[in-house]
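Residue numbers (this note's numbering), protein chains in the order written: chain A, 1 to 224; chain B, 1 to 224. See structure below.
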DNA sequence: GTCTATAACGGGATAGAC
DNA sequence: GTCTATCCCGTTATAGAC
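See below:
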């Protein structure tokens, strides 16, 4: 078997198992068994177990961000400014598409959630380096579209888009007896995109909060 | 040392370590070292490592839900129906309060995020049994307040509240060099509550999505 | 490049004294 | 109830044959 094939098979197996069971709970033995190789191959190709994780994450994230940027390019190539819904759709649909990929998608949503809650900056730094470009450009695009929202408040609104999309995808998987969705998951998947768009568009468009920002408050207090 | 004291000390240590490092990555040896006891004590009081996790989670969640229910009782004891903002505040403030508890709070946000993304229904079932009551009553209260939103769509809106609150708390902790918030965390903490309220209130209040629900669509297709 | 075999280690659980 | 000492297992990583 060629080197590239072995590497890909290891990544496939690792992605599935990490997503399903978590990184710590997954042994290299399980990965190599599923990949049809052996322990030594992982260490040869990736160096160690911990080095396998960034490789898996990058392989997932890179195409998503590429697609996000492509869609943004298309939007910005036009003359007229985009609608908020268009911008949201361009940002979220590559993520949703990923999650709706047959049987690969669903488990990935959980992997994302795990990454977001992971301790230590290591994982977040890793994720950032892949996602940074797309995030910056979209944030700027939202800022142009919503000039009346102060940048600090808009920053938080923008960062809530991902969690909402990811958490809803996870909710879609929950079985009804542990508090899953009220209607069949297949039917919901279609409606869910539209409902999520409604939810996020309204939230992004909300008038700026009137209350004085805390930064100002504390500056005033400091001078008192 | 009394039995209760030992038990509490183990729970304290486990809570901190699970939240900081994750469940799998935390060894019982680390827990007992911090608790000032030994391995056998954990197995005596809790039976096993896996049985320690539910105990830790329950100790965190129970008071939060109690407070949520108290606040809802106060609101419903009045004659006039609550505003959406009041209801949101009552639901979210016990969570936010938890996260703002000195040095205990911040790590707990990550523990929550991890739980939400955890595979297997085990953890989610455990969480549900603690949280179920409060969730049901609040969902009903929101439904009364927003009768024009179809229940299925409202269900998803309501389930997004938690993820938004939790993810923002995690964002508050991120250091600026990994994409943390633009302004100092201390100043933001105050403003953040108000901004989050603006965001969520607008999202909850959004007019119902016009598009036909997928359930209807697929029923029509099935009859074609 | 790939594999087998093994080294070196740390984990959870438990028996049994106190 | 609490502790020490120990068992036994699964883990990662690597040396060395092919």
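Beta carbons are placed, not taken as given, at the ideal position from N, Cα and C, and that holds for glycine.
For the region 11 to 40 of chain A, the set of residues with a beta-carbon nearer than 7 Å to any beta-carbon of chain B comprises 20, 21, 22, 24, 25, in chain order. Taking a 10 Å sphere around the C-beta of residue 78 of chain A, we find fewer than 16 other C-beta atoms and assign the residue as exposed.
The closest CA to that of residue 167 of chain A, considering only B/157, B/175, B/174, B/176, is found on B/157. Ranked by Cα distance from residue 11 of chain B, the first of B/57, B/141, B/64 is B/57. Selection A/182, A/82, A/112 evaluated against residue 146 of chain A yields A/82 as nearest (Cα-Cα).
When the Cα atoms are used, residue 17 of chain B and residue 26 of chain B turn out to be separated by approximately 6 Å. Listed along chain B is no residue with a C-beta nearer than 7 Å to that of residue 68 of chain A; the closest approach is about 16 Å. A Cβ-Cβ distance of about 7 Å is found for the pair residue 92 of chain A and residue 161 of chain A, placing them in contact under the 8 Å criterion. Per the C-alpha coordinates, the member of A/44, A/198, A/206, A/176 positioned closest to residue 86 of chain A is A/198.
Chain A has a Cβ within less than 8 Å of the Cβ of residue 153 of chain B.
Within the region 1 to 50 of chain B, the complete alpha helix (DSSP H) segments at least 4 residues long are 3 to 21, 28 to 35, 39 to 46, listed from N- to C-terminus.
Three or more Cβ pairs drawn from the region 113 to 132 of chain B and the region 103 to 123 of chain A lie within less than 8 Å of each other, which places the two stretches in contact.
Cβ neighbours of residue 14 of chain B within its own chain (closer than 7 Å, five residues either side excluded): 31, 52, 56.
At a cut-off of 8 Å between beta carbons, residue 84 of chain A makes no contact with chain B. Of the candidates B/204, B/210, B/208, B/209, B/204 places its Cα closest to the Cα of residue 89 of chain B. In this structure, residue 130 of chain B sits near residue 61 of chain B, with a CB-CB distance shorter than 8 Å. Nearest Cα to residue 125 of chain A within the set A/54, A/35, A/8: A/54. Distance between residue 8 of chain B and residue 28 of chain B, taken at the CA atoms: about 15 Å. In the displayed model, residue 173 of chain B falls within a helix according to three-state DSSP.
Assigned with DSSP and collapsed to three states, residue 69 of chain B falls in helix. Our two residues, residue 23 of chain A and residue 46 of chain A, have alpha carbons roughly 15 Å apart in a direct line. Among the residues of chain B, those whose CB is under 7 Å from the CB of residue 181 of chain A are 155, following chain order. Between residue 163 of chain A and residue 164 of chain B the beta-carbon gap is near 6 Å, inside 8 Å, which marks them as a contact. Less than 8 Å divides the Cβ of residue 148 of chain A from the Cβ of residue 208 of chain A.
Here DSSP, grouped into helix, strand and coil, assigns residue 124 of chain A to helix.
A residue is called buried when at least 16 other Cβ atoms come within 10 angstroms of its Cβ; residue 193 of chain A meets this threshold and is buried. The residue among A/44, A/36, A/65, A/151 with its C-alpha nearest the C-alpha of residue 128 of chain A is A/65. Taking every protein chain shown into account, the CB of residue 172 of chain A has 16 or more other CB atoms within 10 angstroms, so this residue is buried. Under the Cβ distance rule, residue 99 of chain A does not count among the residues neighbouring chain B, no pair being separated by less than 8 Å. Residue 59 of chain B is not a Cβ neighbour of residue 94 of chain B, given a cutoff of 8 Å. For the region 156 to 175 of chain A, the beta-carbon criterion of a distance under 9 Å to any beta-carbon of chain B is satisfied by 156, 157, 159, 160, 162, 163, 164, 166, 167, 168, 170, 171, 174, 175.
The residues 180, 181, in chain order, have a CB closer than 8 Å to that of residue 174 of chain A in the same chain once the five nearest residues on each side in sequence are set aside. Per DSSP, reduced to three states, the secondary structure at residue 104 of chain B is helical. Here the alpha carbons of residue 41 of chain A and residue 33 of chain A stand approximately 11 Å from one another. Listed in chain order, the non-local C-beta contacts of residue 48 of chain A below 6 Å within the same chain number zero, local neighbours out to five positions each way being set aside.
For residue 149 of chain B, no alpha helix (DSSP H) encloses it, and the DSSP letter there is neither H nor E.
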